[in-house]
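Visitor: I have a structure here, written as C-alpha cells, and I will follow up with some questions on it.
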Amino acid sequence: MGLFSKIVDRIFHHDQAKAAPAAPATPATASAVAPVAPAPAPVPTAAPVDVEAVLTSMAEIEGGGSNWRGSIVDLLKLLKLDSSLEARKGLADELGVHVGDAGSAEQNIALHKAVMKKLAENGGQVPDSLYQ
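Quick note: the sequence shown uses full-length UniProt numbering, first residue 1, plus one each step.
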C-alpha cells in the first residue's frame with residue numbers, strides 16, 4: 001500500500017476507526033471453538049468525506065498545534081504516518097510531483113497541494129484553498 005493510500009484510509013475511514021469497538025478477548029478451547037465469521041464488506045460512503053472537517057477534528061484531538069493546512073510534514077504527522085524525507089520522496093514519485101529539490105520548501109508545498117487535489121479527485125470534499 002502506497003503512502004497516498006494510507007492517507008486516504010486515515011482520512012476517509014477516520015470515523016469508522018473511532019467507532020469500532022474493541023473485540024472482547026475470549027479464550028478458545030479445543031472442545032468449544034466458535035466458527036469465524038467472514039469480515040463484513042466495507043460500506044460505501046454515501047456522501048463525500050469532508051476532508052477539512054476530519055483533519056480539523058483530528059488536530060483538535062491532538063491539541064491543535066499543527067499546520068496541516070500548509071505543511072505536508074505536519075499533515076503526515078497528524079495522520080500518524082511517516083513524514084521522513086524518504087517517505088515524502090516516495091509520495092512525490094507516487095503522485096508525480098517533481099518540483100524543486102527533494103525535501104525543499106517548493107517541493108513540500110507542491111506535494112501538499114497534490115495530496116489535497118488527489119483527495120478531492122478520489123471523493124473527498126476539499127476546499128479549493130487547500131490545493132490551488
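The beta-carbon is built from N, C-alpha and C at its ideal position, and this holds for glycine as well. Quick caveat, the model's predicted, so the values are computed rather than measured.
When we look at the beta-carbon of A47 and count the other beta-carbons within 10 Å, is it buried (16 or more) or exposed?
Guide: Within the sequence shown, numbered from 1, the residue matching residue 47 stands at position 47. Exposed is the call here.
Visitor: Taking just the CA atoms, how far does E86 sit from G100?
Guide: For the purposes of this step, residue 100 is taken as the residue at position 100 of the sequence shown. For the purposes of this step, residue 86 is taken as the residue at position 86 of the sequence shown. Each residue's Cα considered, the two are about 15 Å apart.
Visitor: Can you tell me whether A28 is helix, strand or coil according to DSSP?
Guide: Mapped onto the sequence shown, residue 28 falls at position 28. The pLDDT assigned to A28 is 47, lower than 50, so where the model puts this residue is not dependable, and the model offers no usable value.
Visitor: State whether the region 120 to 130 contacts the region 48 to 60, with contact taken as three or more CB pairs (one from each stretch) at a distance under 8 Å.
Guide: yes
Visitor: For K6, which residues of its own chain have a beta-carbon under 6 Å away from its beta-carbon, when the five flanking residues on both sides are left out?
Guide: Taking the first residue of the sequence shown as 1, we reach residue 6 at position 6. For K6, where only same-chain residues beyond five positions count, the Cβ hits under 6 Å are L81.
Visitor: Starting from E62 and walking both ways along the alpha helix (DSSP H), at which residues does that stretch end?
Guide: In the sequence shown, residue 62 corresponds to position 62, counting from 1. It is not in any alpha helix (DSSP H) - E62 carries neither H nor E in the DSSP assignment.
Visitor: Could you tell me if Q107 is buried or exposed, where buried requires 16 or more neighbouring beta carbons within 10 angstroms of its beta carbon?
Guide: The residue you call residue 107 lines up with position 107 of the sequence shown. Buried: at least 16 other Cβ atoms inside 10 Å.
Visitor: Distance check for L3 and G90, CA to CA, integer angstroms please.
Guide: Stepping through the sequence shown from its first residue, residue 90 is reached at position 90. Stepping through the sequence shown from its first residue, residue 3 is reached at position 3. Straight-line Cα distance between these residues: approximately 8 Å.
Visitor: For F12, which of L119, L130, Y131 and S129 has the nearest alpha-carbon?
Guide: The residue given as residue 12 occupies position 12 in the sequence shown. The candidate whose alpha carbon is nearest that of F12 is L119.
Visitor: Starting from S5 and walking both ways along the alpha helix (DSSP H), at which residues does that stretch end?
Guide: Residue 5 sits at position 5 when you count from the first residue of the sequence shown. S5 -> alpha helix (DSSP H) spans L3 to F12.
Visitor: Helix, strand or coil: which one does DSSP assign to G124?
Guide: Looking up residue 124 in the sequence shown gives position 124. G124 falls in the strand class under three-state DSSP.
Visitor: I'd like the list of long-range same chain contacts for L78, defined as Cβ closer than 8 Å, with 5 residues on each side in sequence excluded.
Guide: Here residue 78 is taken as the residue at index 78 of the sequence shown, counted from 1. Result list for L78: L55, M58, A59, E62, S66 and W68, in chain order.
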